[in-house]
Amino acid sequence: MTLIVTEKPDAALHVAEALSENESPKRIIVDGVPFFEVHTNGRRILVCSALGHLYAVAAKETHGQSEYPVWDFMWKPKHLVQRGQERQKKWIQAIAKVSGQADQFIDACDFDLEGSLIGYMVLKYACQGADKKAQRMKFSTLTETELRDAYANALPTLNFPLVFAGMCRHEVDWLFGVNLSRALTQSALKVSGRYTTLSTGRVQGPTLRFLVERQREIETFVPTPYWVLRVKLEVDGRIFAADYEYEKLQTKVDAQEVVQACAGKSGLIERLDSTTHNLAPPIPFDLSSLQSEAFRHFGLSPRISLGIAEQLYLDQLISYPRTSSQKLPLSIGYERIVRSLGKLDDYKAVTVDLLGLGRLVPNEGKKDDPAHPAIYPTGTLPRRQLNKREQKLFDLVVRRFLSSFGRTAVKRNDKVTIYVANHCFLMRGSRLVEKGWTTTYKPYAKFEDTVLPRLKVKQPVLVHEIISEQKFTQPPPHYNSSSLLRKMEDSAIGTKATRSEIIDTLYKRRYVTGQQISSTPLASRIIEILTKHCPKVVDIRFTRELEAKIEEIERGCETREHVVLQTVDYLKPVIEALKVQEREIGQELAEILSEMREESTNLTTTCPQCGSTLKIAKNPRTRKRFIGCSGRWRNNCNYSLPLPQLGALRLLKKFCPDCGFQLIQVKSRGRRPLISCCRCYAQKVIAQSSSARVTATKPK
Amino acid sequence: MKNIEDQYQRWRTAFGEEMGRLEYFDQLLCLEETGVAVKKVIEYLRRKQPEAI
């Protein structure tokens with residue numbers, strides 16, 4: 001019997017369906033875990049799945065969660081390391097039971113760092129050392145043809161360099177994360193007596209530093225004045241706008257001089273220039289560019305767009321999304337995919353046009369990934385109704401893929417040079433003269449044509465109006481998920497698979513807020529502490545060096561043990577130094593945590609009865625939350641207001657337009673955030689209940 | 701503070717030498733583009749060390 005291990009249950013079903021010869025795969029349940037049985041060439045095959053990672057790095061000896069430093073680690077089943085992983089326990093036991101009957105093992109997890117590691121761990125631990133004899137299926141889509149081909153041409157062994165690189169990444173990240181996070185959390189706990197999870201890590205630290213530095217730049221920004229000249233010119237009785245040759249004038253005097261020299265004067269058109277340039281078709285998506293584009297057009301966070309892309313992959317609609325390649329190999333069958341997509345009404349016209357071009361050649365990017373090609377639609381048509389988000393992302397992938405084969409677009413730029421009183425003004429226009437690929441990528445490629453009037457050289461013009469406008473330089477923009485992702489990628493920190501998770505963690509830890517990401521005072525304090533005590537931890541160069549070493553392991557030029565030992569050697573003195581200064585660090589953190597806690601519970605509106613601070617409190621008996629007056633004991637004030645009991649509560653910096661009370665926001669999963677005024681709500685409820693009482697007591 | 705001082709010289713060049721420090725600080729406080737930390741420093745100086753302005 002052959003046992004095939006996949007990464008997720010959906011993938012197991014697709015593998016089984018692809019390998020079954022005649023009948024559909026038989027679903028067998030072993031101790032509550034599904035397996036799929038098929039027969040190929042007279043051989044019985046059982047396809048099982050993992051549930052993502054079933055094993056995780058953990059401390060060798062079980063200390064308390066608070067102890068640090070921890071240097072000895074080992075791989076353990078996830079249910080022994082993390083809470084709420086009972087399902088994983090059942091999975092490992094079922095795979096172990098079935099593996100006894102198998103004489104051949106095949107790893108069919110995703111062909112990347114994480115996938116290789118998941119498969120290796122299951123084969124090594126759950127299948128009792130089957131990693132040594134296991135074969136490896138390599139595929140990029142879950143389509144039948146590719147899966148059959150991958151099974152028939154399975155690699156004779158696992159890709160061990162990839163496995164060891166994956167192990168090394170997890171181990172190094174664990175060493176960093178556990179020790180540094182515990183150092184911060186315990187320091188704060190020992191001083192404040194309150195537990196707050198504070199984390200940092202090898203990639204999280206430098207990423208947070210980007211955000212804190214940008215926040216600092218914005219907060220300390222001093223604008224500089226400059227002047228812009230706008231001129232309206234009259235040509236043949238018609239008015240056209242033009243700009244001064246210099247975009248910005250640094251002094252008011254300079255701007256006034258030009259205005260005085262040109263106001264009401266006439267001039268001549270000196271030159272008419274036109275240039276055309278080609279706009280090459282867009283290159284196929286790698287994961288980062290897909291996430292960026294999904295954020296730009298649909299506002300989807302990188303984590304959400306990755307989740308949707310993975311679902312589309314499991315539905316066989318697109319290829320494996322965790323790729324850094326921008327190349328489309330010929331072997332994927334361009335024409336077959338284009339023809340198949342043409343069966344969908346939305347792409348019918350585009351595909352006909354493309355197939356009419358003759359040979360299909362994609363415009364590829366520079367980046368390559370040995371494991372997977374760029375993200376492309378498989379040509380399989382949706383078998384179920386996609387939800388709105390899935391539909392949008394699928395459309396984006398399809399249009400990007402199709403437009404990469406499109407004709408080059410041609411853009412014409414026109415420039416008119418006008419001289420008035422020895423000052424030069426310019427009129428600029430541009431338009432697409434050949435639309436090419438832009439018609440395919442239309443919803444996502446926006447070009448606005450600015451058409452200039454028909455003018456002649458030496459034609460006279462009259463200055464109708466000239467205005468000098470005073471402006472100020474702008475602070476740099478806040479990062480958003482998309483630009484932060486790009487920054488991480490440009491700085492070569494993190495991996496395509498983990499970057500979005502890291503951004504998410506920053507939100508969870510209350511280090512950052514908002515879509516236009518602002519770092520909180522807690523984040524600034526953490527970065528200050530880390531920069532002071534262990535600058536390398538937040539230095540991108542150090543993280544980048546480690547990434548390079550992990551890549552060397554992947555290529556077989558470096559060993560995992562060596563990199564882990566180097567990490568321990570570096571971290572040991574850092575953590576020891578943090579431990580010595582625990583009290584001082586704790587003091588700094590406790591202060592800021594207490595400020596943040598007060599900010600999130602204390603209202604800025606004071607009590608209307610006694611003027612004390614109003615606070616969000618919890619009834620110790622009923623555990624219900626409410627707004628209470630802090631002057632309860634001092635002034636015997638019993639003022640209170642009800643609060644919604646469900647959802648995450650946040651005090652807004654906005655006030656009720658009717659009564660001036662501070663507004664609150666309640667966010668519940670799957671619902672729109674509710675913004676409400678507690679005082680108005682309470683008054684409304686009282687008014688309603690008293691009118692109900694009056695109705696109830698009225699004699700019939 | 702050094703940044704605010706450096707920028708003052710640029711403002712004087714831009715608007716002309718007659719621009720006073722008081723006017724400069726007033727304008728900075730009114731501008732949306734000015735950073736929160738800069739505004740805090742100016743407000744602090746106004747309250748605690750008006751002679752510095």
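As they're listed, the protein sequences go chains A and B.
Position one of the first sequence corresponds to residue 1 (the numbering used here), numbered consecutively onward.
Position one of the second sequence corresponds to residue 701 (the numbering used here), numbered consecutively onward.
No residue lacks a Cβ here, since even glycine has one placed at the ideal position from N, Cα and C.
Nearest residue (CA-CA) to residue i, options the options
i, options, result
"residue 178 of chain A", "A:266, A:198, A:529", "A:198"
"residue 53 of chain A", "A:16, A:43, A:126", "A:126"
"residue 664 of chain A", "A:506, A:686, A:626, A:547", "A:626"
"residue 629 of chain A", "A:623, A:622, A:621, A:642", "A:642"
"residue 227 of chain A", "A:488, A:468, A:239, A:633", "A:468"
"residue 245 of chain A", "A:58, A:552, A:428", "A:428"
"residue 456 of chain A", "A:474, A:357, A:269, A:328", "A:269"
"residue 527 of chain A", "A:463, A:500, A:592", "A:592"
"residue 383 of chain A", "A:344, A:256, A:205", "A:344"
"residue 737 of chain B", "A:313, A:215, A:326", "A:215"
"residue 248 of chain A", "A:38, A:564, A:470, A:611", "A:470"
"residue 584 of chain A", "A:187, A:81, A:636", "A:187"
"residue 649 of chain A", "A:49, A:662, A:295, A:667", "A:667"
"residue 164 of chain A", "A:114, A:183, A:151, A:605", "A:114"
"residue 265 of chain A", "A:536, A:576, A:7, A:466", "A:466"
"residue 373 of chain A", "A:154, A:323, A:341", "A:323"
"residue 152 of chain A", "A:67, A:136, A:671", "A:136"
"residue 718 of chain B", "A:418, A:535, A:253, A:78", "A:253"
Run of the beta strand (DSSP E) containing residue i, from where it starts to where it stops
i, result
"residue 34 of chain A", "33-40"
"residue 274 of chain A", "266-279"
"residue 665 of chain A", "662-667"
"residue 196 of chain A", "Element bounds for residue 196 of chain A: n/a, residue is neither H nor E."
"residue 703 of chain B", "No beta strand (DSSP E) holds residue 703 of chain B; the alpha helix (DSSP H) holding it covers 702-715."
"residue 243 of chain A", "238-244"
"residue 468 of chain A", "460-472"
"residue 431 of chain A", "423-434"
"residue 628 of chain A", "625-629"
Endpoints, the alpha helix (DSSP H) within which residue i is located
i, result
"residue 138 of chain A", "Here residue 138 of chain A belongs to no alpha helix (DSSP H), and DSSP marks it neither H nor E."
"residue 413 of chain A", "Unbroken run through residue 413 of chain A is the beta strand (DSSP E), 409-420; no alpha helix (DSSP H)."
"residue 96 of chain A", "86-99"
"residue 292 of chain A", "287-298"
"residue 652 of chain A", "Residue 652 of chain A -> not in any alpha helix (DSSP H); beta strand (DSSP E) instead, spanning 648-655."
"residue 586 of chain A", "582-601"
"residue 302 of chain A", "302-314"
"residue 401 of chain A", "388-403"
Buried versus exposed call for residue i [16 or more other C-beta atoms within 10 Å across all chains shown]
i, result
"residue 525 of chain A", "buried"
"residue 289 of chain A", "buried"
"residue 236 of chain A", "exposed"
"residue 699 of chain A", "Reliability of the predicted coordinates at residue 699 of chain A is poor, the pLDDT of 48 falling under 50, and no value is obtained from them."
"residue 18 of chain A", "buried"
"residue 638 of chain A", "exposed"
"residue 646 of chain A", "exposed"
"residue 425 of chain A", "buried"
"residue 394 of chain A", "buried"
"residue 159 of chain A", "buried"
"residue 302 of chain A", "buried"
C-beta atoms of residue i and residue j nearer than 8 Å
i, j, result
"residue 492 of chain A", "residue 554 of chain A", "no"
"residue 477 of chain A", "residue 363 of chain A", "no"
"residue 437 of chain A", "residue 407 of chain A", "yes"
"residue 208 of chain A", "residue 590 of chain A", "no"
"residue 13 of chain A", "residue 98 of chain A", "no"
"residue 59 of chain A", "residue 72 of chain A", "yes"
"residue 75 of chain A", "residue 121 of chain A", "yes"
"residue 502 of chain A", "residue 397 of chain A", "no"
"residue 729 of chain B", "residue 223 of chain A", "no"
"residue 714 of chain B", "residue 250 of chain A", "yes"
"residue 389 of chain A", "residue 440 of chain A", "no"
"residue 600 of chain A", "residue 674 of chain A", "no"
"residue 79 of chain A", "residue 93 of chain A", "no"
According to a CB-to-CB cut-off of less than 8 Å, which residues of the segment 734-750 of chain B neighbour chain A? 734, 735, 736, 737, 738
Given a limit of 7 Å on CB to CB distance, which residues of the segment 208-236 of chain A reach chain B? 218, 219, 220, 221, 222, 223, 224, 225
Residues within the segment 717-730 of chain B neighbouring chain A, beta-carbon criterion of under 8 Å: 728
What are the residues of the segment 456-476 of chain A that lie near chain B, defined by any Cβ-Cβ distance shorter than 8 Å? 472, 473, 474, 475
To be precise: take each residue of the segment 252-269 of chain A, compare its Cβ to all Cβ atoms of chain B, and keep it if any distance is under 9 Å. Which residues remain? 252, 253
When Cβ atoms are compared, which residues of the segment 706-717 of chain B fall closer than 7 Å to chain A? 707, 710, 711, 713, 714, 715, 716
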